[in-house]
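Chemist:
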Amino acid sequence: FMMVLICLIFSVLSTIDQYESFANETLFGMEIFLVCFFGVEYAIRLWSAGCRSKYMGLHGRIRFARKPISIIDLIVVVASCVVFTIGSEGQVFATSAIRGVRFLQILRMLHVDRQGGTWRLLGSVIYLHRQELITTLYIGFLGLIFSSYFVYLAEREDGKADFASYADALWWGVITVMTIGYGDKVPQTWMGKIVASCFAVFAISFFALPAGILGSGFALKVQQKQRQKHFNRQIPAAATLIQCLWRCYAADHTSKSEATWKIHVHDPSSEENVLARVARRASLTLRKRRMSRLDSAVSNHFHRESVSSISYNDDKSGSG
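Structure (structure tokens):
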């Protein structure tokens, strides 16, 4: 920003005869540096724009180059190159043709606010207070038209040359409203002075309102941004507090919620419960095995007795 501002100051000094030679020599070296800097920066930004998906490829680069801020940067670089190339013997802005290009170099000041945050802030304030601004400007414009016309009628009848036409009266009205007061046109008649006095009071009342509206709008917008920043700083702390409360709730033994981190926590009571369940299952298995062995022993005993009784009956019938 400082380099651009200093270059602009030397450009202004080059139009003064007293400082023209010194300003041109200094400005020549600064122009070389700024042309190289802005040219390399534009090329790097155009190349790195492909990092975003919507600017990938050749068509994406062209879309990036068609943005308003990119077009302004390109115009600034081209204008600087033209001034540097056409300037002869180190005399930047030496010819009248190059002097016409100086206005394009003023666009370098737009390079400072590349993101356009200042313009967005101004646009948002105007949009939020558009109704008040339109009302005050409308009433003030009506007062300007009528007051200028009345002054024109009062001064024309007196034959004064200052207000020979209605355009002269409008010019006087605008200068009066803006509180500039060049003094080139002044009402001479008493009727014109009375109308001019009433109009001056009216103008101060209504044409000063837009400045107050915009000032209060800017103050409210800045306060809103500060409040938003303070709120954004509180978000991580609030999120940490919510996480801690949830962990405390999920870690409670009476809680039925299953936290994802519970499986990684060493819980002795859970191990005891697991061992108790394993021991209970083992005892049940042993009981089942014992019961099955006992049942098999009883069934074998009954089987032997039945076999022995059958063989005894067969022997008895054979002997008879």
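Residue numbering for the sequence shown is -18 to -1, 1 to 302, as defined by mature numbering (1 follows the signal peptide of the UniProt record, and there is no 0).
Ideal Cβ positions, reconstructed from N, Cα and C, are used throughout, including at glycine.
This structure is a prediction, so every number in the text was calculated from the model and none was measured.
Can you list, in chain order, the residues of its chain with a C-beta nearer than 7 Å to that of S52? Leave out the 5 residues immediately preceding and following it.
Modeler: The residues are F46.
Chemist: So for H212, helix, strand or coil by DSSP?
Modeler: DSSP places H212 in helix when its eight states are reduced to three.
Chemist: Is G199 buried or exposed, if buried means 16 or more other CB atoms sit within 10 Å of its CB?
Modeler: Buried is the call here.
Chemist: For residue 325, does the three-state DSSP call read helix, strand or coil?
Modeler: The requested residue 325 is not part of the displayed model; the chain covers only -18 to 302.
Chemist: Hey, could you find the ends of the alpha helix (DSSP H) residue 391 is sitting in?
Modeler: Given that the chain is displayed from residue -18 to residue 302, the structure contains no residue 391 and the question cannot be resolved.
Chemist: Do E139 and Q170 have their beta-carbon atoms positioned less than 8 Å apart in this structure?
Modeler: No, Cβ-Cβ distance for Q170 and E139 is not below 8 Å.
Chemist: My output table needs one value for V60: the three-state DSSP class, helix, strand or coil.
Modeler: It is helical.
Chemist: Mind checking which residues open and close the alpha helix (DSSP H) that includes residue 344?
Modeler: Nothing about residue 344 can be read from this structure; the chain reaches only from -18 to 302.
Chemist: Around the C-beta of D166, are 16 or more other C-beta atoms found within 10 angstroms, so that it is buried, or is it exposed?
Modeler: Flag for D166 reads exposed.
Chemist: Quick one: is A79 buried, meaning 16 or more other Cβ sit within 10 Å of its Cβ, or exposed?
Modeler: Bear in mind that a pLDDT of 47 at A79, under 50, signals an unreliable position, so the number given afterwards is only what the model happens to contain. Label assigned to A79: exposed.
Chemist: From which residue to which residue does the alpha helix (DSSP H) around I176 run?
Modeler: Element bounds for I176: W172 to F189.
Chemist: What's the gap between the Cα of E7 and the Cα of I(-13)?
Modeler: Cα to Cα, E7 sits roughly 14 Å from I(-13).
Chemist: Put K167 into one of helix, strand or coil per three-state DSSP.
Modeler: Here K167 sits in coil by DSSP.
Chemist: What do you get for V(-7), buried or exposed, if any count of 16 or more other CB atoms within 10 angstroms of its CB means buried?
Modeler: Result: exposed.
Chemist: Under a Cβ-count criterion, where at least 16 other Cβ atoms within 10 Å of its own Cβ denotes burial, should V59 be classed as buried or exposed?
Modeler: Looking at its Cβ environment, which holds 16 or more other Cβ atoms inside 10 Å, V59 is buried.
Chemist: Between W154 and V133, is the Cβ-Cβ spacing less than 8 Å?
Modeler: Against a cut-off of 8 Å, the Cβ pair of V133 and W154 comes out as a contact.
Chemist: Taking the beta carbon of E13 as the centre, do at least 16 other beta carbons fall within 10 Å, making it buried, or is it exposed?
Modeler: It is buried - the Cβ of E13 has at least 16 other Cβ atoms within 10 Å.
Chemist: According to the neighbour-count rule (16 or more other Cβ atoms, all chains shown, within 10 Å of its Cβ), is I195 buried or exposed?
Modeler: Looking at its Cβ environment, which holds 16 or more other Cβ atoms inside 10 Å, I195 is buried.
Chemist: Between which two residues does the alpha helix (DSSP H) holding I44 run?
Modeler: Looking at the DSSP string, the run of the alpha helix (DSSP H) that includes I44 is G39 to A47.
Chemist: Measuring straight from C-alpha to C-alpha, what distance separates R263 and S278?
Modeler: So the two alpha carbons sit approximately 22 Å from each other.
Chemist: Reducing DSSP to helix, strand and coil, say where T77 ends up.
Modeler: Residue placement at T77 is poorly supported in this model, since its pLDDT is 48, which falls under 50; the coordinates still yield a value, given next. Coil, per DSSP.
Chemist: State the Cα-Cα distance for the pair Y164 and L(-11), rounded to the nearest angstrom.
Modeler: Distance between the alpha carbons of Y164 and L(-11): 29 Å.
Chemist: Distance, Cα to Cα, T118 vs H111?
Modeler: So the two alpha carbons sit approximately 11 Å from each other.
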